[in-house]
Amino acid sequence: MKNQYLLKAVLLLICALHGGAVLAADEEPAGTIKTVTGSVTIERGGQKLAATEGTQVFAADKVTTDSNGSVGITLRDNTLLSAGHNSSLSLNKFAFDPSTHAGAIDATLKRGTLSVVSGKIAKQSPDSVRFRTPTTTMGVRGTEFIIEVDATKD
Amino acid sequence: MSRTFIITAASALSIFIAGCASPPAERVVLLPGPDGKAGAVVVATNTGSSMLLDQPYTAVAINNQGRLNAVREDAASVRARYQSALDAQPARPVSFSVFFVRGKDEITMESKPLVEKLKAEIARRPAPEIMVIGHTDRVGSDASNDILSLKRAEAMRNALVKAGIAASSISIAGRGEREPLVPTADEVAEPKNCRVEVNVR
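Those protein sequence lines, which keep their order, are chains A and B. So the first sequence is numbered by the working numbering: it starts at 6 and just counts up by one. So the second sequence is numbered by the working numbering: it starts at -10 and just counts up by one.
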């Protein structure tokens, strides 16, 4: 009887540790900002940060550029994202395993322009790469493309 | 005169309000890769229509009623319309193979000049990130090759640091004999597999 309690306690501990490990993996940066012109802002957990070259980007970050701004981001799987003037890009989800190249990308362009060069995740598991706008969803088959959302009609 | 103005202002206002209420107009353009070929993008609207883009410069315009219209772009029109986004594109990641002396963590004479080339490639990139992955051929045990591949990655990092690259921008890993460039049977010596891959982005 006592042993059963011990077993349960050990199982609970394993679960807690495992949960902790998953959380730690999510806290790894999704990518790095490589180019900045004008004013570029990152919104993270309710706070606004000015982005510069070398600033790390995390899953759940929202990146915005002003009327003179633009930004280029290289994600950990080598996906290249670059947003032009007056753009708002939200990274909803990012996960990448550098050994297996498995992972997921989910991002939304709310306004402005975005150029995408897909990376290793799109090659390995294309169905887990999603780009969105307010009215559409894009599935990607290893490629380069541009998305535009006309802000004046927003 | 003033009545005309009021009517004009009122109609301008109603257009403005209509503009606010309707969803934005959107556009998706498929581009060729560096080899001139394009992959594919499937564009699906929330209202259930979809379109496949699979040729370079094919595009779709989505109007504010959610209707999809095929459009044709070209290199010049894309350049003009999307210059600020395209100019912001980060440099494309590149990969180098640096070869090592068989069984050792010593860069071959032939591969030594690559260190300078790598240094130049890293210097031209803002906020560079370098990943060094060591590999071996299949001579020796899995365990000893795991150790050797990591030692090769460490030797590569040391060579880059000595050339002036910040150690903090370099990450290393050893993959042992798991990922040969040239697949061989076990215990076969293969110089092409005695290498590190250096990815720069």
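Every residue gets a Cβ at the ideal spot worked out from N, C-alpha and C, and that includes glycine. Note that the coordinates shown come from a computational prediction; the quantities given were computed from them, not determined experimentally.
Item: A155/B (DSSP reduced to helix, strand or coil); Value: coil
Item: Element boundaries [beta strand (DSSP E), containing L75/B]; Value: That residue, L75/B, is in no beta strand (DSSP E); its alpha helix (DSSP H) goes Q72 to D76.
Item: Whole-angstrom distance between K67/A and I122/B, CA atom to CA atom; Value: 32 Å
Item: Chain A contact for N35/B (CB, 9 Å cutoff); Value: yes
Item: Cβ of L28/A within 9 Å of any chain B Cβ; Value: At L28/A, the pLDDT of 40 sits below 50, so the modelled position is not reliable; the number obtained from the coordinates is stated separately. For L28/A, the answer is no, since every Cβ of chain B falls outside 9 Å of its Cβ.
Item: Minimum C-alpha distance to G117/A - residue among R81/A, A100/A, H90/A and A109/A; Value: H90/A
Item: Neighbour list for A83/A in chain B, Cβ cutoff strictly below 9 Å; Value: Residue identity differs from the one stated: residue 83/A is Asn in this sequence, not Ala. Near N83/A (Cβ distances below 9 Å), the residues of chain B are R81, P82, N188 and R190.
Item: Under the three-state DSSP convention, the category M145/B falls into; Value: helix
Item: Option nearest R61/B by Cα separation, candidates A50/B, Q54/B and G25/B; Value: A50/B
Item: Chain B within 9 Å of E48/A, Cβ atoms only; Value: no
Item: Neighbour list for D126/B in chain A, Cβ cutoff strictly below 7 Å; Value: The contacting residues do not exist; D126/B stays about 20 Å from chain A at best.
Item: Straight-line gap, N182/B to G165/B (C-alpha atoms, nearest Å); Value: 10 Å
Item: S133/B (DSSP reduced to helix, strand or coil); Value: helix
Item: Contact with chain A by E95/B, beta-carbon distance below 9 Å; Value: no
Item: Residues that DSSP places opposite G36/A in a beta bridge; Value: V62/A and L80/A
Item: Residues of the stretch 110 to 136 of chain B with Cβ closer than 7 Å to any Cβ of chain A, in chain order; Value: P115, A116 and E118
Item: Run of the alpha helix (DSSP H) containing Q129/A, from where it starts to where it stops; Value: K125 to Q129
Item: Simplified DSSP assignment, three categories, for V150/B; Value: helix
Item: For K181/B, three-class secondary structure by DSSP; Value: helix
Item: Interfacial residues, the stretch 55 to 75 of chain B to chain A, with Cβ spacing under 8 Å; Value: G55, V67, R70, Y71, Q72, S73, A74 and L75
Item: Spatial distance of S104/A from S38/B (CA atoms); Value: 37 Å
Item: Chain-ordered chain B contacts of D132/A [CB-CB under 8 Å]; Value: Here the premise fails: no neighbours, minimum Cβ distance about 11 Å.
Item: Environment of P117/B [buried if 16+ CB atoms lie within 10 Å]; Value: buried
Item: Length-filtered (3 minimum) beta strand (DSSP E) runs lying within the stretch 92 to 124 of chain A; Value: 93 to 101 and 108 to 122
Item: Collapsed DSSP secondary structure at L54/A in the structure displayed; Value: strand
Item: Separation of L96/A from A112/A, as counted between CA atoms; Value: 4 Å
Item: Test: V122/A CB closer than 9 Å to a CB of chain B; Value: yes
Item: Between the CA atoms of A178/B and F63/A - distance to the nearest angstrom; Value: 43 Å
Item: Per-residue DSSP class, three states only, for L139/B; Value: helix
Item: Counted within 10 angstroms of its Cβ, other Cβ atoms place G108/A as buried (16 or more) or exposed; Value: buried
Item: Below-9 Å beta-carbon distance, Q78/B vs any chain A residue; Value: yes
Item: Touch test, the stretch 105 to 113 of chain B against the stretch 148 to 156 of chain B, Cβ-Cβ under 8 Å, three pairs minimum; Value: yes
Item: CB contact below 9 Å: P21/B versus chain A; Value: yes
Item: Beta-carbon proximity of G147/A to R135/A, cut-off 9 Å; Value: no
Item: Cβ neighbours of T125/B in the same chain (closer than 8 Å, five flanking residues each side left out); Value: N134, L137, S138, R141, G165, E166, N182 and C183
Item: Proximity test, S87/A beta-carbon vs the ligand FMN heavy atom, cut-off 8 Å; Value: The ligand FMN is not part of the structure shown, which contains no ligands of any sort.
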